[in-house]
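Notes follow the structure.
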Amino acid sequence: MKGMILMEATTYSNFRNKLKSYIDKATNDYEPITIIRKDNRNAVLISAEEYNNMKENQFILGNPNNLKWLEESKMQAENGDLAHHKLLEDEDE
């Protein structure tokens, strides 16, 4: 099962009866919930934060220029080609 993401699964009826509990799991614990329906027309519940993160990653990795830049940066880091910078302090602090 290498590469598979395990997640809790429930029937549609059980999901409907325990809606708040499942929404809390998705939003508080970042646990995706598979909702099993007839004819294998399943759905997955995830938090809005997790969904937005997935869409952002899809956008960034979907751009060939961004992907190339990320791959080059990763290679540089793996080869020890790093630069250290002093962090700027926020003036409001």
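Counted the way our numbering counts, the sequence shown spans residues 1 to 93. All C-beta atoms, glycine included, are put in the ideal place defined by N, C-alpha and C. These numbers come from a predicted model, not from an experiment.
query: What are the start and end residues of the beta strand (DSSP E) that includes ALA26?
result: Along the sequence shown, read from residue 1 onward, the residue named residue 26 stands at position 26. Premise fails: ALA26 lies in the alpha helix (DSSP H), 19-28, not in any beta strand (DSSP E).
field: Contact check, LEU99 vs ILE33, beta carbons under 8 Å
entry: Nothing about residue 99 can be reported from this structure: the residues present for the chain run from 1 to 93 only.
- request: Mind reading off the beta-carbon distance from TYR134 to ILE36? Whole number of angstroms is fine, and I expect it under 8 Å.
  value: Residue 134 lies beyond the residue range present for the chain, which begins at 1 and ends at 93; the question has no answer from this structure.
query: Can you tell me the Cα-Cα spacing of THR10 and THR27, whole angstroms?
result: Looking up residue 10 in the sequence shown gives position 10. Looking up residue 27 in the sequence shown gives position 27. Rounded to whole angstroms, THR10 to THR27 spans 17 Å at the Cα level.
field: Range covered by the alpha helix (DSSP H) that runs through ALA48
entry: Locating residue 48 in the sequence shown gives position 48, where the first residue counts as 1. Element bounds for ALA48: 48-62.
- prompt: Quick one: what does DSSP say LEU67 is sitting in, helix, strand or coil?
  reply: Translated into positions along the sequence shown, residue 67 becomes position 67. Residue state, collapsed to three classes: helix.
field: Where GLU8 sits in the DSSP three-state scheme
entry: Locating residue 8 in the sequence shown gives position 8, counting from the first residue. Note: GLU8 maps to strand in three-state DSSP.
message: Considering Cα atoms alone, identify which of GLU8, PRO64 and ASP90 is closest to LYS25.
response: The count along the sequence shown starts at 1 and reaches residue 25 at position 25. It is GLU8.
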